[in-house]
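Using the working numbering, the first residue of the sequence shown is number 1270, and each one after it goes up by one. Beta carbons: idealized from backbone N, C-alpha and C, even for Gly. Taking it in order: structure first as structure tokens, then the write-up.
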Amino acid sequence: MDETFLTTSLRGASRKYLFFDLDINSSQPLISAMQQAATLCFGSEADIDVSAATQRAFQKRLRATADLPCEVTNFGAQLFNDGDMGGMILVDQQQRWVAYQARPIDVGVFAIDCTQDVGALQSVRDCFFSIDDVRGWLLQRAKRERDMVFNAGEGFLAALVENYS
């Protein structure tokens, strides 16, 4: 994950990082959870700038009034049909949040400048995991945690904790 991109995209000081392993290009529940988190934090939605992760250049602006989950997944389908197998970057026009996934098979990150507890939203708990979750997995107390560490890689998970704490 490109932490430099994420840390320079947001302008506030109360940055939180959440991680996802769903495909940003095609998961409407993931996009809906991001939208719900943004609404909880900011009370209103803003336009979203969308880019293909492979190009990292502005490609499309989605209006706040748009059906964001549908529009993002339509754009993801367009990228796929055009032969772009990479992920996507979504940036709130007011630079309060950004979502980045290099490729649909990679872990993505949702960085949000928010003082609210977005983890209180069921949709966020369903779609994301946090650094606290990763710390718990690394303790490997239960079989599920050991399996998570084995499947994701202990080094990768430790790097998440180090880079995003």
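Would you kindly work out how many angstroms separate the C-alpha atoms of D1416 and Y1433, rounded to a whole number?
If you number the sequence shown from 1, residue 1416 lands on position 147. If you number the sequence shown from 1, residue 1433 lands on position 164. D1416 and Y1433: Cα-Cα distance of roughly 22 Å.
What number of angstroms, rounded off, separates the C-alpha of I1400 from the C-alpha of E1423?
Counting from one through the sequence shown, the residue named residue 1400 turns up at place 131. Counting from one through the sequence shown, the residue named residue 1423 turns up at place 154. Approximately 14 Å, taken between the alpha carbons.
When R1410, F1419, E1414, V1403 are compared against L1287, the one with the closest alpha-carbon
As a working mapping, residue 1287 is identified with position 18 in the sequence shown. L1287 has its Cα closest to that of V1403, out of R1410, F1419, E1414, V1403.
What does a CB cutoff of less than 6 Å around Q1385 pick up in its chain, not counting 5 residues either side in sequence?
For the purposes of this step, residue 1385 is taken as the residue at position 116 of the sequence shown. Only L1309, C1310 meet the Cβ criterion.
Output the distance between the C-alpha atoms of L1429 and L1407, rounded to the nearest integer angstrom.
Walking along the sequence shown from the start, residue 1429 turns up at place 160. Walking along the sequence shown from the start, residue 1407 turns up at place 138. Distance between the alpha carbons of L1429 and L1407: 11 Å.
With 16 other CB atoms within 10 Å as the buried threshold, where does D1382 fall?
Taking the sequence shown and counting its residues from 1, the one referred to as residue 1382 is at position 113. Result: buried.
Using only the alpha-carbon positions, how far apart do F1397 and D1290 sit?
The residue you call residue 1397 lines up with position 128 of the sequence shown. The residue you call residue 1290 lines up with position 21 of the sequence shown. If I take the Cα positions, the gap works out to 8 Å.
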